[in-house]
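K.L.:
Start counting the sequence shown at 90; every next residue gets the next number (this note's numbering). Just dropping this structure here.
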Amino acid sequence: MTVVHHTRHKNKTIAALLAFLFGGLGLQRLYLGGLRDLWLWLHLACLPAALIVSLAAPQADGFYKLLPIIISGLVGFLEALIIGVTPDEKWDARHNAASGQQSDTHWPVAVVLVASMMIGSGGLIATISRLFDLLYTGGAYG
């Protein structure tokens, strides 16, 4: 007797959208790899890391307290870009080998890519600017 396992088809657009909206918490990693995904746990580790920074240095600027969460969010935007630009054939080979379906992404993934590029790059520039402001001027500009 042959048992056929059909795994759920992983949609590239949904994965990119999850990375864009909730990438800082790693929901795209949960969708793609489940609870065994190490990167999911690294994303979730940003929450206790922020708490540890807050407790260790209560007098520190709020930016430093939120920095682990900010970095995880920026990585989420980067993951949305990586997911979105992955060719459908490579995506299916990695995530949908046993699903029996082929991916055929269209324009919605492009919208997610553009939004991720705009907000992610703006967030990265703002983070770098604030970090340099705090490090070199003591927060004189904000």
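Even glycine gets a Cβ: it sits at the ideal position worked out from N, Cα and C.
1. Going by DSSP in three states, Gln-191 sits in which element: helix, strand or coil?
2. Would you grab the beta carbon distance between Glu-168 and Ala-108 for me? Rounded to a whole angstrom, and I think it's under 8 Å.
3. Identify the continuous alpha helix (DSSP H) that holds Leu-202 and give its terminal residues.
4. Could you pull out every residue in the same chain whose Cβ sits closer than 8 Å to the Cβ of Leu-155, ignoring the five residues on either side in sequence?
5. Taking Gly-209 as the reference, give the member of Thr-102, Asn-100, Gly-112, Thr-96 with the closest Cα.
P.N.:
On the basis of the supplied data:
1. Counting from one through the sequence shown, the residue named residue 191 turns up at place 102. Reduced to three states, the DSSP call for Gln-191 is coil.
2. Taking the sequence shown and counting its residues from 1, the one referred to as residue 168 is at position 79. Taking the sequence shown and counting its residues from 1, the one referred to as residue 108 is at position 19. Right, the Cβ-Cβ distance comes to about 4 Å (below 8 Å), so this counts as a contact.
3. Start at 1 with the first residue of the sequence shown, and residue 202 comes out as number 113. Where Leu-202 is concerned, the enclosing alpha helix (DSSP H) stretches over 196-226.
4. Sequence index remark: in the sequence shown, residue 155 carries index 66 (1-based). Ala-139.
5. Translated into positions along the sequence shown, residue 209 becomes position 120. Nearest of Thr-102, Asn-100, Gly-112, Thr-96 to Gly-209, Cα basis: Gly-112.
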